[in-house]
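Chains as they are written, first to last, in the working numbering: chain B, 140 to 215; chain P, 140 to 215; chain Y, 140 to 215; chain S, 140 to 215; chain D, 140 to 215; chain U, 140 to 215.
Just so it is clear, CB atoms sit at the ideal spot from N, CA and C, and this is done for glycine as well.
There are 6 protein chains.
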Amino acid sequence: MPVVSIRIGRGRPVETKRRLAAAVTRAVADSLDVPAEWVTVLIEEYDRDNWATGGELHSDRFGPGFGRDGTGREET
Amino acid sequence: MPVVSIRIGRGRPVETKRRLAAAVTRAVADSLDVPAEWVTVLIEEYDRDNWATGGELHSDRFGPGFGRDGTGREET
Amino acid sequence: MPVVSIRIGRGRPVETKRRLAAAVTRAVADSLDVPAEWVTVLIEEYDRDNWATGGELHSDRFGPGFGRDGTGREET
Amino acid sequence: MPVVSIRIGRGRPVETKRRLAAAVTRAVADSLDVPAEWVTVLIEEYDRDNWATGGELHSDRFGPGFGRDGTGREET
Amino acid sequence: MPVVSIRIGRGRPVETKRRLAAAVTRAVADSLDVPAEWVTVLIEEYDRDNWATGGELHSDRFGPGFGRDGTGREET
Amino acid sequence: MPVVSIRIGRGRPVETKRRLAAAVTRAVADSLDVPAEWVTVLIEEYDRDNWATGGELHSDRFGPGFGRDGTGREET
């Protein structure tokens, strides 16, 4: 009964979470050879001022929002 | 100094959290034979679109809300 | 389907863990009014040199072992 | 930069972990449209006497070992 | 690539988080002799009715807010 | 009462952990203006075959051990 926590930047639409939960569950179930129904997925969303890389808040480093933008800047 | 994290669906009233924290603390303190004052309890609340079982978001599987409803459907 | 993590010092005998898991599960199930079978309990054991209070490792502060000893010293 | 924690029963061979990390990373990267290199996967292994369902330790419920066995018994 | 989670009471201003992330990253990087850029810091904020000490919610024990106040009351 | 979890590669000597716990505690206490005695630090050690970046286990990517080596290779 694997329990998976996925920490990401806050703000993804529900359709993305739906796809994420389905894909990760399938990956875990297939890799471990257990039924998908045994897999629990927990998504933890973080505001960008609660995530830092290199000691710098992502709200300072990347501005508001989430995901990669057109400029190739990184995401939370 | 045990530290306990309890992950549940978001939305329980504060009275439920009060009862939960008291009961879990007593269970931990009694089982481990330590003073209750040493026990920390952290409640992590998850929206139903951040919790999935069998690859399916609970918002899709159970609808909005939390806890078991009158139809015996499951909870987050 | 609550998921509970309990962080304690390493070394408790299995009988203590058995009692701990049963008591915490009952406390959670009763408080939230869900079936006990929905509750997952995960016990995370820490060596004393991986736990610090006030910036001091518990292996330095309390010596080896776990739990309160006869001198009233604290535990991990 | 998603950070994923996967809690499983202890004892899987390294080849299974290798497959698990690769598959979960691909699932996360594809679902969120981020480069695989941004994804961190942490595997947390639990002994069966540190995992309980329904208040019962998995070492009591399923015996030693991990994964589903030939009898269809569940896994940690 | 250390990953640090810091659990605190909700409500600190962004300037405090900025200082916290910078200081903790420097402490980790210096202590482990790794580049600061390898360090990830995640801040988890808890409402006071989701944090309990001695079985008592901090919202009951300390009232609303966070941090120590002028009366020397404790914080989450 | 901040609770800090630090996830690192397994194998650091106790002197490094002692320095890490002291430095992180001081950073947290100073940044949040709380007494050091309120700060709990938990160190979670991971074997390299339980940590992956880009879908690749660190035991495969960096070989055994931990920390940066003389070739500038990264660490867990």
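Below-8 Å beta-carbon distance, residue i vs any chain S residue
| i | result |
| --- | --- |
| serine 198 (chain B) | no |
| valine 216 (chain D) | The structure shown has nothing for residue 216 (chain D), since chain D only spans 140 to 215. |
Coarse secondary structure for residue i, derived from DSSP in three states
| i | result |
| --- | --- |
| glycine 209 (chain P) | Because glycine 209 (chain P) carries a pLDDT of 36, less than 50, the predicted location of this residue cannot be relied on, and the following value inherits that uncertainty. The answer is coil: DSSP assigns glycine 209 (chain P) none of H, G, I, E or B. |
| valine 142 (chain Y) | strand |
| valine 173 (chain D) | coil |
| aspartate 180 (chain B) | Note that residue 180 (chain B) is valine in the sequence shown, not aspartate. In the structure shown, valine 180 (chain B) sits in a strand (DSSP, three-state: E or B). |
| lysine 156 (chain S) | helix |
| glycine 193 (chain D) | coil |
Chain-ordered chain Y contacts of residue i [CB-CB under 8 Å]
| i | result |
| --- | --- |
| proline 203 (chain P) | By Cβ distance, chain Y contributes nothing, its closest Cβ being about 17 Å from proline 203 (chain P), past 8 Å. |
Status (buried if at least 16 other CB within 10 Å, exposed otherwise) for residue i
| i | result |
| --- | --- |
| glycine 202 (chain U) | exposed |
| proline 141 (chain D) | buried |
| valine 167 (chain S) | buried |
| glutamate 176 (chain P) | exposed |
| valine 153 (chain U) | exposed |
| aspartate 186 (chain S) | buried |
| aspartate 172 (chain B) | exposed |
| aspartate 199 (chain P) | exposed |
| threonine 164 (chain Y) | buried |
Below-8 Å beta-carbon distance, residue i vs any chain P residue
| i | result |
| --- | --- |
| aspartate 169 (chain Y) | yes |
| threonine 164 (chain D) | no |
| leucine 181 (chain D) | no |
| glutamate 195 (chain B) | no |
9 Å Cβ cut-off: residues of chain S touching residue i
| i | result |
| --- | --- |
| glutamate 184 (chain Y) | Asp186 and Asn189 |
Beta carbon proximity, residue i to chain Y, threshold 8 Å
| i | result |
| --- | --- |
| alanine 175 (chain P) | no |
| threonine 192 (chain P) | yes |
Requested in this report: Give, in chain order, every residue of the segment 141-161 of chain U whose Cβ lies closer than 7 Å to some Cβ of chain P.
Outcome: Taking 7 Å as the Cβ-Cβ cut-off against chain P, the residues of the segment 141-161 of chain U that qualify are Val142.
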